[in-house]
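Student: Quick note, the sequences are listed as chains C and X, same order. Residues 0 to 255 in numbering that gives the first Met the number 0 are what the first sequence lists, from first letter to last. Residues 0 to 247 in numbering that gives the first Met the number 0 are what the second sequence lists, from first letter to last. Backbone N, C-alpha and C fix where the C-beta goes; we use that ideal spot for every residue, glycine too. All values derive from a computational prediction rather than experimental measurement.
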Amino acid sequence: MITVDKLYKSFDDRQVLSDINTEFHNGKTNLIIGQSGSGKTVLMNCLVGLHEPSQGHILYDGRDLTAMSKRERTLLRREIGMLFQSSALFDSMTVLDNVMFPLDMFSTKSYKERRERALHCLDRVNLGGAESKYPNELSGGMQKRAAIARAIAMEPRYLFCDEPNSGLDPKTSLVIDKLISDITHENNITTVVNTHDMNSVIGIGENILFIDKGHKAWQGSNKEVLTADNKRLNDFIFASDFSKQLRQDIIANMAG
Amino acid sequence: MYIIKFLQSFGEYLLLMGRSFQKPERFKMFLRKYYQEVMALGVNSIGIVLLISLFIGAVICIQMKLNIQSAWMPTWVSGYTTREIMLLEFSSAIMCLILAGKVGSNIASELGTMRVTQQIDALEIMGVNSASYLILPKITALVSIIPVLVTFSVAAGIAGAYCTAYFADIITPSDLTLGLQHQFTQWFFWMGVIKSLFFAFIIASVSSYYGYTVRGGSIEVGKASTNAVVSSSVLILFSDIFLTKMLS
Ligand SMILES: Nc1ncnc2c1ncn2[C@@H]1O[C@H](COP(=O)(O)OP(=O)(O)OP(=O)(O)O)[C@@H](O)[C@H]1O
Ligand SMILES: [Mg+2]
C-alpha cells in the first residue's frame with residue numbers, strides 16, 4: 000500500500016499539486032485520472048522520487064520515501080517497476096537484453112535462470128518470438144508490452160504506468176489494460192496507472208483518483224464513477240453529448 | 000552573470016563526476032560496457048587517426064624540405080622537425096582536437112537522446128546509478144585507449160613522411176632516416192602520451208556532462224552536442240599550454 004499524505008508540489012512559483020491525500024491499495028489497479036496538464040505525471044514522478052515534493056510524505060507500506068537516504072531509496076527502487084509514457088526501452092539493446100537488464104544488474108541467479116525468467120516475462124506479454132528484435136523494429140503497442148515485461152522482470156511490489164495506452168488503438172489498449180490488471184492480481188502488486196482513457200477507467204479502475212488542476216477532486220471505484228454526482232468529474236468523464244446521453248440512460252436503467 | 004553561470008555549470012560537472020566515479024553495481028556489467036565503449040570510441044577512431052596522421056606527416060615533411068630547408072642547414076633537418084612536430088604536438092593535442100569532434104559529439108548525442116527519451120530515468124527507477132553505469136565506462140575506455148591512438152598517429156605520420164621520400168622524390172630516404180633518428184629524446188613520446196591522457200579525460204567527461212544534463216527535446220540534444228565539442232576543444236587548447244609548460 001502506498002499512502003500519500005498532504006503532498007504539495009510547485010515548480011518555481013507555479014503550484015502544480017496541492018494537498019493530495021490518498022491511498023493506493025495492494026492487489027488493485029489504482030488509477031489517476033484528470034485532464035491534460037492537471038498534474039498526473041508530476042504526481043507519479045513524485046511517487047517514484049523522480050521529482051522531490053515541496054511538502055508532504057509518501058509512505059511505501061509505512062516506509063517514508065521523502066525521509067530516505069540515497070542508499071535506502073536505491074534499495075526501495077528495486078521493488079519498483081515503471082512503464083514510461085514513451086516506453087523508454089534501451090535502444091542499443093535487443094528486447095531480450097532489455098528485459099534481462101534489471102536481472103543482470105541485480106539478480107544473483109545464473110545466466111540460464113535469468114534468461115528463462117526474461118523469456119517467461121516476454122511470453123506473459125505475448126511477445127514470444129520478438130526477443131532478438133531491437134526496439135525500433137517494434138510497433139508502439141509491442142514496445143509498450145516489452146516495457147511492461149521489463150518492468151515486471153524483477154517481480155516488483157509496486158508497478159507504475161504512465162499513460163500505458165496513449166497513442167494506441169482501442170483494441171490494443173484493451174489488451175494492455177487487461178495485461179496490467181491481470182499482472183496486478185496474479186502477483187498482488189500495488190499498481191498505479193495514469194490515464195485519460197475512459198475505457199480503462201470503466202474497465203480496470205478499482206480505485207480511481209480524479210485530479211482537477213492539481214487538487215484531489217474525487218476518489219472511488221469504477222462502479223461509483225458512473226453514478227457519482229460530482230460536476231467536474233462528470234464533465235471530464237462524460238465530455239461528449241453522446242456519452243452524457245449514455246450516462247442518463249444508465250442512471251435511468253438503474254432506477255428502473 | 001557569465002561567471003555565475005560558469006561556476007554553476009562547473010559545480011554541476013563536479014557533482015556529476017562524483018556520482019560517476021563510484022563503484023559499479025556489477026563489475027561484469029561494467030566490463031561489458033567498457034568493452035563496448037573501447038570499440039565504439041577507440042577502435043572505431045583508428046581509421047580517421049591513421050588517415051589524418053599519414054597526410055599531416057607527409058605534408059609537414061614536404062613543407063620542411065621545400066619551404067624551410069636551405070643550403071646552409073644540415074640534411075637531417077626535415078626528418079628531425081617532422082618527427083618532433085608529430086611527437087610533441089600533432090599526435091597528442093591536434094589529434095585529440097579532432098577526436099573531440101568525433102567522439103565528443105557521439106557521446107553527447109547518445110547520452111542526450113537517452114535523457115530525453117527517459118532511458119536515463121528508467122535506469123534510475125530500477126535503482127541503477129545511471130551516471131556511473133553510463134559515464135564511467137566511457138571515461139575509462141577513452142583514457143585507456145588513447146595511448147594506442149597516439150602511438151598509431153606517430154607511426155602513421157612517419158609513414159607519411161616516408162611516402163614523400165619513396166613515391167614523390169621530395170627527400171632521399173637516407174636523409175629522412177638520418178633526421179628521424181637525430182637526437183631522439185624518448186621523453187617527448189611519453190610527454191605526448193601523458194598529455195593525451197588528460198585530453199581524453201576532458202573529451203569524455205565534458206561531453207558526458209553536456210549530454211547527461213540535456214533538458215528538453217531533439218533541438219537541445221543538437222545544442223548539447225555542439226557545446227560538448229566546443230567546450231572540450233577550448234579546454235584541450237588551454238590545458239595544452241599548461242601541460243606543455245609543466246612537462247617540458
Ligand atoms: N519540470 C517541470 N517544470 C515546470 N513545470 C512543470 C514541469 N513538469 C510539469 N510541469 C507543469 O505541471 C503541470 C502538470 O503537468 P503534468 O505533466 O503532470 O500533466 P499531466 O496531467 O500528466 O498531463 P498529460 O495528460 O497531458 O500527460 C503542467 O502545467 C506543466 O506545465
Ligand atoms: Mg502526463
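1. For C/Val-200, which residues in the same chain have their Cβ closer than 8 Å to its Cβ, ignoring the five residues on either side in sequence?
2. Using Cβ-Cβ distances below 9 Å, what residues of the region 19-36 of chain X are close to chain C?
3. Determine, using beta carbons only, whether X/Val-220 comes closer than 8 Å to chain C.
4. Opposite C/Arg-62 in the DSSP bridges: which residues?
5. Heavy atom of ligand 1 less than 7 Å from the Cβ of C/His-24, yes or no?
6. If we ignore side chains and look at the alpha-carbon of each, how far apart do X/Gln-68 and X/Asn-43 end up?
7. With 8 Å as the threshold, decide whether the Cβ of X/Met-125 is near any Cβ in chain C.
8. Hey, could you find the ends of the beta strand (DSSP E) C/Gln-14 is sitting in?
9. In chain B, which residues lie less than 9 Å from C/Thr-93 when you measure between Cβ atoms?
10. In chain C, which residues lie with their C-beta within 8 Å of the C-beta of X/Gln-7?
11. Below 8 Å CB to CB, which residues in the same chain sit around C/Asn-20 once its five sequence neighbours on both sides are set aside?
12. Starting from C/His-214 and walking both ways along the beta strand (DSSP E), at which residues does that stretch end?
13. Which first and last residues belong to the beta strand (DSSP E) in which C/Thr-189 is found?
14. Consult DSSP for C/Gly-80 and reduce its assignment to one of helix, strand or coil.
15. May I ask whether a heavy atom of ligand 2 can be found less than 7 Å away from the beta carbon of C/Asn-44?
16. Given that a residue counts as buried once 16 or more other Cβ atoms are within 10 Å of its Cβ, and exposed if not, what is C/Gly-38?
17. At a threshold of 7 Å, does C/Asn-186 count as lining ligand 2 (C-beta to nearest heavy atom)?
18. Could you name the residues of chain C that X/Thr-212 contacts, counting a contact when the two beta carbons are closer than 7 Å?
19. Kindly give me the distance between the Cβ atoms of C/Val-41 and C/Lys-8, rounded to whole angstroms, as I take these residues to be in contact under 8 Å.
20. So what does DSSP say about C/Val-3, is it helix, strand or coil?
21. Run the Cβ filter for me: residues under 7 Å from any heavy atom of ligand 2, listed in the order they occur in the chain.
22. Suppose you measure from the CA of X/Met-72 to the CA of X/Ala-57; what does that come to, to the nearest Å?
23. In the DSSP assignment, what are the bridge partners of X/Tyr-165?
24. When you compare the CB of X/Ala-121 with every CB in chain C, is at least one pair closer than 8 Å?
25. I'd like to know whether the C-beta of X/Thr-74 is nearer than 8 Å to at least one C-beta of chain C.
26. Using a Cβ cut-off of 7 Å, which residues of the region 76-104 of chain C contact any Cβ in chain X, in chain order?
27. Is C/Thr-73 close to chain X? Criterion is C-beta to C-beta, closer than 8 Å.
28. Can we count C/Ser-131 as close to ligand 4, meaning its CB is less than 7 Å from some heavy atom?
29. Would C/Val-124 count as contacting chain X if we go by Cβ distances under 8 Å?
30. Please confirm if X/Thr-225 has its CB atom under 8 Å from at least one CB of chain C.
31. How many Å lie between C/Leu-178 and C/Cys-160 at the Cα?
32. Between the beta-carbon of X/Leu-106 and the beta-carbon of X/Gly-41, is there less than 8 Å?
33. Should X/Lys-4 go down as buried or exposed, given a rule of 16 or more other Cβ atoms within 10 Å for buried?
34. C/Asp-176 and C/Gly-140: beta carbons closer than 8 Å?
35. Suppose you measure from the CA of X/Gly-156 to the CA of X/Thr-163; what does that come to, to the nearest Å?
36. Against chain X, with Cβ distances strictly below 8 Å, would C/Leu-167 count as a contact?
Tutor: Quick look at the numbers:
1. Counting from one through the first sequence, the residue named residue 200 of chain C turns up at place 201. Within the same chain, C/Val-200 has close Cβ partners Leu-30, Ile-32, Thr-194, Ile-207, Asn-221, Val-224 and Ile-236.
2. Only Glu-24, Arg-25, Lys-27, Met-28, Arg-31 and Gln-35 from the region 19-36 of chain X bring a Cβ to less than 9 Å from some Cβ of chain C.
3. Here the question's residue 220 of chain X lines up with position 221 in the second sequence. Not an interface residue.
4. Within the first sequence, residue 62 of chain C is the residue found at index 63, counting from 1. Looking at the DSSP assignment, C/Arg-62 forms a beta bridge with C/Tyr-59.
5. What you label residue 24 of chain C is simply residue 25 of the first sequence in a count that begins at 1. No, the Cβ of C/His-24 stays beyond 7 Å of every heavy atom of ligand 1.
6. Within the second sequence, residue 68 of chain X is the residue found at index 69, counting from 1. Within the second sequence, residue 43 of chain X is the residue found at index 44, counting from 1. In this structure, the straight-line span from the alpha carbon of X/Gln-68 to that of X/Asn-43 is close to 37 Å.
7. In the second sequence, residue 125 of chain X corresponds to position 126, counting from 1. Yes, its Cβ sits closer than 8 Å to a Cβ of chain C.
8. On the first sequence, residue 14 of chain C is found 15 positions in, with the first residue counted as 1. Looking at the DSSP string, the run of the beta strand (DSSP E) that includes C/Gln-14 is 13-23.
9. No chain B is part of this structure, whose protein chains are labelled C and X.
10. As a position in the second sequence, residue 7 of chain X is number 8, starting the count at 1. Going along chain C, no residue has its Cβ under 8 Å from X/Gln-7, so there is no contact; the nearest lies around 16 Å.
11. Along the first sequence, one-based indexing puts residue 20 of chain C at 21. Same-chain partners within the cutoff: Val-3, Asp-4, Lys-5, Leu-6 and Lys-215.
12. Here residue 214 of chain C corresponds to residue number 215 of the first sequence, with the count starting at 1. First-last of the beta strand (DSSP E) with C/His-214: 214-219.
13. Taking the first residue of the first sequence as position 1, residue 189 of chain C is located at position 190. From DSSP, the beta strand (DSSP E) with C/Thr-189 extends over 189-194.
14. Locating residue 80 of chain C in the first sequence gives position 81, where the first residue counts as 1. Note: C/Gly-80 maps to strand in three-state DSSP.
15. Here residue 44 of chain C corresponds to residue number 45 of the first sequence, with the count starting at 1. Answer for C/Asn-44: no, Cβ out of range of ligand 2.
16. Position 39 of the first sequence, counting from 1, holds the residue named residue 38 of chain C. With a 10 Å radius around the Cβ and a threshold of 16 neighbouring Cβ atoms, C/Gly-38 comes out buried.
17. To locate residue 186 of chain C, count along the first sequence from 1; it is residue 187. No, since every heavy atom of ligand 2 falls outside the 7 Å radius drawn around the Cβ of C/Asn-186.
18. As a working note, residue 212 of chain X is residue 213 in the second sequence. Under the 7 Å cutoff, chain C gives no residues; its nearest Cβ is about 15 Å from X/Thr-212.
19. As a position in the first sequence, residue 41 of chain C is number 42, starting the count at 1. As a position in the first sequence, residue 8 of chain C is number 9, starting the count at 1. 6 Å between Cβ atoms; contact.
20. To locate residue 3 of chain C, count along the first sequence from 1; it is residue 4. Strand at C/Val-3.
21. C/Lys-39, C/Thr-40, C/Gln-84, C/Asp-161, C/Glu-162 and C/Asn-193
22. Taking the second sequence and counting its residues from 1, the one referred to as residue 72 of chain X is at position 73. Taking the second sequence and counting its residues from 1, the one referred to as residue 57 of chain X is at position 58. Distance between the alpha carbons of X/Met-72 and X/Ala-57: 20 Å.
23. Along the second sequence, read from residue 1 onward, the residue named residue 165 of chain X stands at position 166. DSSP lists no partner for X/Tyr-165.
24. Counting from one through the second sequence, the residue named residue 121 of chain X turns up at place 122. Yes, its Cβ sits closer than 8 Å to a Cβ of chain C.
25. The residue given as residue 74 of chain X occupies position 75 in the second sequence. Among the CB atoms of chain C, none fall inside 8 Å of the CB of X/Thr-74.
26. Arg-76, Arg-77, Ile-79, Met-81, Phe-83, Ser-85, Ala-87, Phe-89, Pro-101, Asp-103 and Met-104
27. Position 74 of the first sequence, counting from 1, holds the residue named residue 73 of chain C. Cβ-Cβ to chain X under 8 Å: yes for C/Thr-73.
28. Within the structure as shown, ligand 4 is missing, the only ligands being ligand 1 and ligand 2.
29. In the first sequence, residue 124 of chain C corresponds to position 125, counting from 1. Chain X contact via Cβ: absent.
30. The residue given as residue 225 of chain X occupies position 226 in the second sequence. No, no contact with chain C.
31. If you number the first sequence from 1, residue 178 of chain C lands on position 179. If you number the first sequence from 1, residue 160 of chain C lands on position 161. Going by the C-alpha atoms only, they are around 12 Å apart.
32. The sequence position of residue 106 of chain X within the second sequence is 107, counting from 1. The sequence position of residue 41 of chain X within the second sequence is 42, counting from 1. Checking the sequence shown, residue 106 of chain X turns out to be Ile, not Leu. No, they are not a contact pair.
33. As a position in the second sequence, residue 4 of chain X is number 5, starting the count at 1. Burial call: exposed.
34. Here residue 176 of chain C is taken as the residue at index 177 of the first sequence, counted from 1. Here residue 140 of chain C is taken as the residue at index 141 of the first sequence, counted from 1. Not a contact, by the Cβ cut-off of 8 Å.
35. The residue given as residue 156 of chain X occupies position 157 in the second sequence. The residue given as residue 163 of chain X occupies position 164 in the second sequence. Taking the straight line joining both Cα atoms gives about 11 Å.
36. Working through the first sequence from its first residue, we reach residue 167 of chain C at position 168. It does not; no Cβ of chain X falls within 8 Å.
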